[in-house]
Amino acid sequence: MNVQATSVMAPPAPRGLDGMLLPMAMMRDILIKTMFRMNLDLVSTISRAVCLPVPVTQELVDMARSQLLLEATGTLNANNGNEMGYQLTDAGRARALDALAQSEYYGAMPVPLSIYSQQIKRQSIRNIQITRDQLQTAMGHLVLPDDLLSNLGPAVSAGRSILMYGPPGNGKSSISNGIRDALGDKIYVPRAIEYSGQVITVYDPIVHSAAEDDVDDPNSLRRTSGRFDTRYVRCERPTVITGGELSLSMLDLVYNPTARTYQAPLQLKSTGGIFIVDDLGRQAEPPQTLVNRWIVPLEENKDILALQSGEKFEVPFDTLVVFSTNFHPNAIFDKAALRRIFYKIKIDGPNQEDFLKIFAMVARKRKMPLDEDTLVHLLNVRYPEIDNIYANYQPIFLIDQMISICEFEGIPYQMSPELIDRAWANMFVKDEDIVR
140 MNVQATSVMA PPAPRGLDGM LLPMAMMRDI LIKTMFRMNL DLVSTISRAV
190 CLPVPVTQEL VDMARSQLLL EATGTLNANN GNEMGYQLTD AGRARALDAL
240 AQSEYYGAMP VPLSIYSQQI KRQSIRNIQI TRDQLQTAMG HLVLPDDLLS
290 NLGPAVSAGR SILMYGPPGN GKSSISNGIR DALGDKIYVP RAIEYSGQVI
340 TVYDPIVHSA AEDDVDDPNS LRRTSGRFDT RYVRCERPTV ITGGELSLSM
390 LDLVYNPTAR TYQAPLQLKS TGGIFIVDDL GRQAEPPQTL VNRWIVPLEE
440 NKDILALQSG EKFEVPFDTL VVFSTNFHPN AIFDKAALRR IFYKIKIDGP
490 NQEDFLKIFA MVARKRKMPL DEDTLVHLLN VRYPEIDNIY ANYQPIFLID
540 QMISICEFEG IPYQMSPELI DRAWANMFVK DEDIVR
């Protein structure tokens, strides 16, 4: 099955306040806080701000009016379809200020966690089936052995955890990014979710790449805000990439004591996408400790988070976790941890043939002419010094070094044994150069 951009079922728009499954007081307070903070007075503009259909917003306005928190201005705005304007009463302003003191959150209505959980199932990462052609296309800029794709493909299609290991500089990070590019379809990310009366913001423009609206497509089901729940943002499947900076605290809810709201942890932001833990073993916490934190999510497809009050609750865990390390797995994990990582894929350096392919491809991209004598010198003189161990990063390193030399010397881009020797000298540090 090929992944299609329209394959994910959109979350249906709410039809009324009762179907929102949010506390009425919370919805009312968010309404008046939004009107107060954004100085809004028309139902059409309020509906866009709170991300609800106009009829539902009108229902909410009417409820606030019945509680004497809003009043009609008594004038119709001719520039906005003769809409009736509304304003906060004195009691409404007092209530808005009191509500803001309890929580600064305003704007888009949150989605109840129970409703969001249903959407997660509709767009699960495990619903995707990646074909060899899709993976090859996404990895087209890389030179990879066929058996690597044969091992990687089933792992990605399963949507289960992957451990990539092997010597540094052989493209583990690039392969992780290629997995992300192969997914290709779009999902719906909530701007915020609600649990137990608390608001947790999820949508993060740094993590989530919003897709262009399909407003110009006459056949699209998403042409108007009434066709799907605009409390969600239609996005590319998210990718969260962490490295040596990853800590256990980054996997917990982040509480903002000023706004009195929560921010979703990284793994919740990556729901429906990929969480890449690069350079595993370089973090402050031991790799075993980090993986122990993932045991329940990886085995049971659910995570456990905690509020400031100490109350714990479950959230769906629907993320393809990719661990990448330069260490041998047996050196950093016990057998129980390894058992919980479903796929272990070794990423070795290229053989000589693939090395030359990479070298030629990089040279072509960098507009560096190839020179046969230089390549013979590199392969016959320099690589025997390191037991002919090739790595994917080396062609880029050597060619970029030669380009820098040429630019400094004011000569056209060129290769020569002399230039390759100067570049080679910068790639390694000899043991006798180390100050003891």
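Numbering-wise (the numbering used here), the sequence shown opens with residue 140 and increments by one. Think of the CB as a built atom: it goes at the ideal place given N, C-alpha and C, for glycine as much as any other residue.
query, result
"Where T228 sits in the DSSP three-state scheme", "coil"
"Which of helix, strand or coil DSSP assigns to T397", "coil"
"CA-to-CA distance, F175 to A152, given in whole angstroms", "25 Å"
"For G411, the nearest candidate out of P251, Q258 and K172 (CA to CA)", "Q258"
"Where K311 sits in the DSSP three-state scheme", "helix"
"Extent of the continuous beta strand (DSSP E) run through M303", "I301 to Y304"
"Burial state of N316, where buried means 16 or more other Cβ atoms lie within 10 Å", "buried"
"Q402 and N395 closer than 8 Å at C-beta", "yes"
"contact_flag[the segment 263–270, the segment 184–194] where n(CB pairs < 8 Å) is 3 or more", "no"
"Proximity of I480 and G310 at Cβ, strictly below 8 Å", "no"
"Other residues of its chain near M278: CB distance less than 6 Å, five sequence neighbours each side excluded", "G317"
"Assigned secondary structure, E198 (DSSP; H/G/I helix, E/B strand, else coil)", "helix"
"Simplified DSSP assignment, three categories, for F547", "helix"
"Those residues which DSSP pairs with V295 across a bridge", "According to DSSP, V295 bridges with nothing at all."
"Three-state secondary structure assigned by DSSP to G383", "coil"
"Inter-residue Cα distance where the pair is S205 and A235", "16 Å"
"Within 8 Å, strictly: CB atoms of K496 and V282", "yes"
"Those runs of the alpha helix (DSSP H) which lie wholly inside the segment 471–506 and span at least 4 residues", "474–479 and 491–505"
"Distance, R376 Cα to M148 Cα", "14 Å"
"Reduced DSSP secondary structure (H/G/I, E/B, other) of P468", "helix"
"Status (buried if at least 16 other CB within 10 Å, exposed otherwise) for F498", "buried"
"Start and end residues, beta strand (DSSP E) containing R373", "Y371 to E375"
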